[in-house]
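Residue numbers (our numbering), protein chains in the order written: chain A, 476 to 592; chain B, 156 to 267. First the structure, in the form of C-alpha cells, and then the observations on it.
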Amino acid sequence: TQLLEQSPQFLSIQEGENLTVYCNSSSVFSSLQWYRQEPGEGPVLLVTVVTGGEVKKLKRLTFQFGDARKDSSLHITAAQPGDTGLYLCAVTALRGAGGTSYGKLTFGQGTILTVHP
Amino acid sequence: NAGVTQTPKFQVLKTGQSMTLQCAQDMNHNSMYWYRQDPGMGLRLIYYSASEGTTDKGEVPNGYNVSRLNKREFSLRLESAAPSQTSVYFCASRILTGDEQFFGPGTRLTVL
C-alpha cells in the first residue's frame, strides 16, 4: 500500500488545456513537496507547502495543501509542451527526538504528463 | 558549482557481478540519500546518511551497502547484482535545516 496515492498516473493533453494532479493520503503530514522530473534527469523541487489550506502559485502552476494536511493538488493553467514531465509529490518522515529531521522522503508513484503542441 | 554528480551514467552488469555507484556533492550539505526509481513506483529510499559518519537503512536496503566516505561523497555498492536491481539510481543531498533535496542526474543500471 502506497503512503501517497497520485492520480492520474498518466495524462495526455493538448497545448492550452488545464489540468489537475492529485496527491492523497490517509496520514497527516507537516509538509508536502512537489517535484518535477524531466527524462534523463533527477527530480527538481517546485514547491513546499506547509500550512493546511495553503495555496502557492508558481507562474501557471497552482499548488494547494488540504485543510487537514492529508492531500494536495497541482493545477496547471494553459499547459505548454515545456510542462511535459513526471510530477511527483513527496513527504518527509516525522521529526525525531530533539526536533531533528532525518529528511527521508516518501514519494508518490508520480504522474506522467504529456502536452502535445 | 556542479551540485550533485553521479558516476557512471550507464552500466550493464551480469548477475553476480559487483559494482559501486559514486556520488559527490559540492554544496556542503550534511545529509545524503540513495534512491531507486522503477516504473510506476516513484522513488524509493535505499539508504541515507543524516550526517558524516552515520548511515542508516531506508525502505529497500536489501542487496545494497553504502559508505559515507567524507562529507562530500556517499557511495552505493552492489555486492552481487541481481536482475531485480535493474533500475535508475539517484543520489540526493540536503542541508540539515531544510527539507528540499537536490538530486543528481542518475545512474541507469541494467543487470542481465
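Each residue gets a CB set at the ideal place from its N, CA and C atoms; glycine is no exception.
{"Asked": "Listing by chain order, which chain B residues have their CB less than 8 Å from the CB of Ser547 (chain A)?", "Found": "Result: empty, since nearest Cβ-Cβ is about 14 Å, beyond 8 Å."}
{"Asked": "Please determine, among B:Leu267, B:Leu264, B:Leu251, B:Ala247, the residue with the shortest C-alpha to C-alpha distance to Gly158 (chain B).", "Found": "B:Ala247"}
{"Asked": "Quick one: which residues of the region 500–514 of chain A get their C-beta closer than 7 Å to a C-beta of chain B? List them in chain order.", "Found": "Ser506, Gln508"}
{"Asked": "Please report the residue range of the beta strand (DSSP E) in which Ser548 (chain A) lies.", "Found": "546–551"}
{"Asked": "Report yes if the C-beta distance between Val496 (chain A) and Ser548 (chain A) is below 8 Å; otherwise report no.", "Found": "yes"}
{"Asked": "Leu507 (chain A) and Leu521 (chain A) - do their beta-carbons sit closer together than 8 Å?", "Found": "no"}
{"Asked": "Is Ser239 (chain B) helix, strand or coil when you go by DSSP?", "Found": "helix"}
{"Asked": "Going along chain B, which residues have a C-beta under 7 Å from Phe582 (chain A)?", "Found": "Gly197, Leu198"}
{"Asked": "Does the Cβ of Asp181 (chain B) have 16 or more other Cβ atoms within 10 Å, making it buried, or fewer, making it exposed?", "Found": "exposed"}
{"Asked": "Evaluate contact between the region 478–486 of chain A and the region 208–218 of chain B, counting only Cβ atoms and requiring at least three cross-stretch pairs below 8 Å.", "Found": "no"}
{"Asked": "Using the beta-carbon of each residue, which ones in chain B are nearer than 9 Å to Tyr562 (chain A)?", "Found": "Those within 9 Å of Tyr562 (chain A) in chain B number zero; the least Cβ separation is about 11 Å."}
{"Asked": "Whole angstroms is fine: what's the gap from Ser242 (chain B)'s alpha carbon to Gly515 (chain A)'s?", "Found": "13 Å"}
{"Asked": "Does the Cβ-Cβ distance between Gln512 (chain A) and Gly557 (chain A) come in under 8 Å?", "Found": "no"}
{"Asked": "Which of the three DSSP states is assigned to Gly557 (chain A) in this structure?", "Found": "helix"}
{"Asked": "Please list the residues of the region 514–527 of chain A that have a C-beta atom closer than 8 Å to any C-beta atom in chain B, keeping them in chain order.", "Found": "Gly515, Glu516, Gly517, Pro518, Val519, Leu520, Thr523"}
{"Asked": "May I ask you to report which of helix, strand or coil DSSP gives Ile587 (chain A)?", "Found": "strand"}
{"Asked": "Do you know whose CA, among A:Gln584, A:Gly583, A:Tyr577, A:Cys564, lies nearest Asp211 (chain B)'s CA?", "Found": "A:Tyr577"}
{"Asked": "Under the assumption that Gln177 (chain B) contacts Gln166 (chain B) (Cβ atoms under 8 Å), give the Cβ distance between them as a whole number of angstroms.", "Found": "Contact flag wrong, Cβ pair sits at about 11 Å."}
{"Asked": "Give the single residue among A:Cys564, A:Val519, A:Gln539 whose Cα lies nearest to the Cα of Gly527 (chain A).", "Found": "A:Gln539"}
{"Asked": "Would you check if the distance between the CB atom of Glu207 (chain B) and the CB atom of Arg232 (chain B) is smaller than 8 Å?", "Found": "no"}
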